[in-house]
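When you line the sequence shown up against the UniProt record's numbering, it's residues 1 to 287, in that order. Take a look at the structure below.
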Amino acid sequence: MVKALPGWIGLVTVLLLIGLSIWLFALGLPDAPWLRPSPVLLAVSAVLFLVACICCNGLFVVQPNQARVLVLFGRYTGTVKADGWYFVNPLVSKRPVSLRVRNFTSPQLKVNDANGNPIEIAAVVVWRVVDTARAVFSVEDYNAFVEVQSETAIRHLASQYPYDDGLNEGELSLRGSAEEVALALKKELQDRLEMAGIAVIEARISHLAYSPEIAGAMLQRQQAAAIIAARQKIVEGAVSMVEMALDMLDQHRKVELTPERKAELVANLLVVLTSDRAATPTLPLAR
């Protein structure tokens, strides 16, 4: 494993090599014009200056929420994640990897829900790199990998749930169970992106609608379902009020009702209470 040293050590090393190179170069030059220069000292001076220039390649800076993946001759030797100024073997390649939190917004995808209805869906995925080695070496391009796997997970998720509330009570739906669907999407994405060393922080549906070709029909169906549900509540309330009225009449015994009169009273009350228009009373003609 390659150990990253503080940057000042590398800087001092480079300056010492340059100073030594200059000193040897000065020693290699003759003091008089008729003397020959020392080729050995001049060669050593040139080599030291070249080594100093190469050592400059070992200096690098790591910014906050950034990392450098170190590779020596094709072999992974470690990752530097702490911000600062460092010095490593000049022959080590230093690939930068961002550790910042990123957002990916998928395009609007047209898929079929669990009932086979075509819908449009999109999602926002918040993610970050947590394992730099797997992010760099396990996949070709981890940014493209996130995009492709996110779209695949969104398509699969949409096919597992109906768009609206299901026929069975308690059944999850894309529109009515936003939190549960978001957790399911996050889990599936994490399973897919684990191999690339990526952690999914949040995943949530950002757009959900029926496809234009069936949007009108589905709107009518939703309106019909809403009307039926409202009527059901009205009927339940009307029956409860009729029962309460009959019980109060029986308790106070102010009016004696025959079965025929009771049936007529029930019918009239139900008509008044369940009608969508105001009731118009009629008075019987005097005989």
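For each residue, glycine too, the CB sits at the ideal point set by N, CA and C.
Cβ-based burial, residue i [other Cβ within 10 Å; buried from 16]
i	result
F73	exposed
D191	exposed
F60	buried
F87	buried
N27	Going by the sequence as given, residue 27 is Leu instead of Asn. Looking at its Cβ environment, which holds fewer than 16 other Cβ atoms inside 10 Å, L27 is exposed.
E188	buried
I22	exposed
D113	buried
Residues sharing a beta bridge with residue i, DSSP
i	result
S98	Q66
G78	L70
N103	V126
A209	E120
V61	W85
As assigned by DSSP and simplified to three states, the class of residue i
i	result
V88	coil
I201	strand
K3	coil
S93	strand
L193	helix
L185	helix
Contact check, residue i vs residue j, beta carbons under 7 Å
i	j	result
V126	S206	no
V62	T132	no
A67	V139	no
R204	A184	no
A43	V14	no
G10	G58	yes
(request) Could you tell me which uninterrupted beta strand (DSSP E) segments, each at least 3 residues in length, are contained entirely in the stretch 107 to 175, listed from first to last along the chain? (result) 109 to 112 and 118 to 129
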